[in-house]
Amino acid sequence: MGATGSGKSTFINKASGSNLPVGRGLESCTSEVRTSRPFVVSGRVVTLIDTPGFDDTSRSDTDILTMIAAYLSKTYVIRLQYISSG
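The following block contains the structure:
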């Protein structure tokens, strides 16, 4: 998480080999929560989460935090269901 234009998407692309869209300057490009392609670090599968930036001109920080919290909550529930059924 970070401010719009701080390089979140660029970092995720470089770290994971993904090709998520990247904005230019302080113009927001990420409008929803997205994930990188999974990759392995020290034998563990890692997926990075790209989020809309704070101080965005089209959304409040509260709206962005609510979106991120909803995504994380949904992902957590899906993961619990997978673990308990497996």
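The numbering of the sequence shown is our numbering, which starts it at -12 and goes up by one.
No residue lacks a Cβ here, since even glycine has one placed at the ideal position from N, Cα and C.
Note that this is a predicted model, so its numbers are computed, not measured.
- request: Could you please give the first and the last residue of the uninterrupted beta strand (DSSP E) stretch that includes residue -2?
  value: According to the DSSP assignment, residue -2 belongs to no beta strand (DSSP E) but to the alpha helix (DSSP H) extending over -5 to 3.
task: Note down, one range per segment and in chain order, each beta strand (DSSP E) of at least 3 residues found wholly within the stretch 13 to 58.
output: Every beta strand (DSSP E) of 3 residues or more that sits fully in the stretch 13 to 58 is shown, in chain order, as 26 to 28 and 31 to 33.
query: Quick one: is residue 1 buried, meaning 16 or more other Cβ sit within 10 Å of its Cβ, or exposed?
result: Residue 1 comes out exposed.
message: Whole angstroms are fine: how far does the CA of residue 53 sit from the CA of residue 20?
response: Residue 20 and residue 53: Cα-Cα distance of roughly 11 Å.
- prompt: Considering only C-alpha positions, which residue in the set 35, 44, 63 and 59 is nearest to residue 6?
  reply: Sorting 35, 44, 63 and 59 by C-alpha distance to the C-alpha of residue 6 places 35 at the top.
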